[in-house]
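Heads up, the working numbering is the position in the sequence shown plus 468, with the first residue counted as 1. For reference, the structure discussed in these notes is given below.
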Amino acid sequence: MAQLQRYARPWTAPAAALALARRAEGFAVFGPGGTPTGGGPPLLRMKARLLGKLLIDHGRASATEMSVSFHPIWGAPRISGSALKGVAAAEAESQGLAPELRERLFGSQALCGAVCFTDAVPEDGRFALALDTLTPHMGPWYRKETHEGRLLGPVEWTSPVPFSFLAVAEATFVLDLTIRPGVATEEGVALLRQAGELLSEALVFQGAGAKTAAGYGRFSVEG
469 MAQLQRYARP WTAPAAALAL ARRAEGFAVF GPGGTPTGGG PPLLRMKARL
519 LGKLLIDHGR ASATEMSVSF HPIWGAPRIS GSALKGVAAA EAESQGLAPE
569 LRERLFGSQA LCGAVCFTDA VPEDGRFALA LDTLTPHMGP WYRKETHEGR
619 LLGPVEWTSP VPFSFLAVAE ATFVLDLTIR PGVATEEGVA LLRQAGELLS
669 EALVFQGAGA KTAAGYGRFS VEG
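In structure tokens, the structure reads:
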């Protein structure tokens with residue numbers, strides 16, 4: 469825990485801030501309620517403020533047994549574009565959107581979707597990490613231990629084994645959605661708006677990452 473405690477503090481990743489600025493170059497950037505201005509293909513930019521803690525790639529192999537997903541170049545926590553696409557697509561399915569529209573937005577095994585979801589990183593490269601703790605009680609059951617010749621069940625009276633890990637505690641993630649080359653601008657803007665609404669609703673009501681049922685990974689989304 470002492471080693472992890474060193475990293476539980478606010479951080480700034482200048483490379484992430486620079487990358488976000490450069491990502492918008494050459495695009496007509498607009499917010500959820502706005503209209504693209506300037507030349508270039510449209511880019512929908514939203515901001516998702518973390519309301520609690522975030523666990524992304526939590527189960528990935530790590531020396532500490534619990535992982536935090538960092539961008540390998542920019543040095544900041546990230547929510548991968550594929551993860552964002554996945555939660556938005558799941559929201560579209562739960563809302564009962566027509567299969568043809570879902571395929572146009574997100575693609576299928578045979579076709580690419582029209583909307584591109586980029587990796588989300590913290591605004592201005594600013595974020596904070598914090599220590600969190602789990603106290604699993606069911607170790608003997610997981611290890612298939614026996615008592616008096618009988619396999620122990622998932623009971624609550626066995627001794628907990630607490631362990632600590634790092635989680636993202638504060639950040640406002642920048643969400644950038646673009647369209648694939650060849651998609652007409654007018655249609656692309658409409659598809660971006662629809663995908664943005666689905667992503668926003670998914671992050672607000674469902675969350676992203678691990679342990680969302682326990683309140684992790686919840687956001688408020690704004691333009």
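Note that CB positions come from ideal geometry on N, CA and C, so glycine has one too.
Asked: Contact under 8 Å by Cβ, Ala484 with Trp542; Found: yes
Asked: Sheet register partners of Lys515 (DSSP bridge); Found: Val642, Glu690
Asked: With 16 other Cβ atoms within 10 Å as the buried cut-off, status of Leu486; Found: exposed
Asked: Between the CA atoms of Leu597 and Gln577 - distance to the nearest angstrom; Found: 37 Å
Asked: Reference Phe673; option with closest CA among Val651, Ala558, Leu472; Found: Ala558
Asked: Beta-ladder partner(s) of Val629, from DSSP; Found: BP columns for Val629 are empty, so no partner.
Asked: Residue-chain proximity (Arg661, chain D), Cβ-Cβ < 8 Å; Found: Among the protein chains of the structure shown there is no chain D, as only one such chain exists.
Asked: Burial state of Pro545 (16 or more Cβ within 10 Å); Found: buried
Asked: Backbone secondary structure at Leu667 - three-state DSSP; Found: helix
Asked: Distance, Gly650 Cα to Gly593 Cα; Found: 32 Å
Asked: Beta-carbon separation (whole angstroms), Leu519 vs Arg661, contact threshold 8 Å; Found: Contact flag wrong, Cβ pair sits at about 24 Å.
Asked: Opposing strand residues paired with Val636 [DSSP bridges]; Found: Leu522, Leu597
Asked: The stretch 508-516 in contact with the stretch 653-669 per 3-pair CB rule at 8 Å; Found: yes
Asked: When Tyr475, Leu488, Pro478, Ala516 are compared against Leu449, the one with the closest alpha-carbon; Found: Because the chain in this structure spans residues 469 to 691, residue 449 falls outside the shown range and cannot be described.
Asked: Beta bridge counterpart(s) of Pro545 as assigned by DSSP; Found: Phe538
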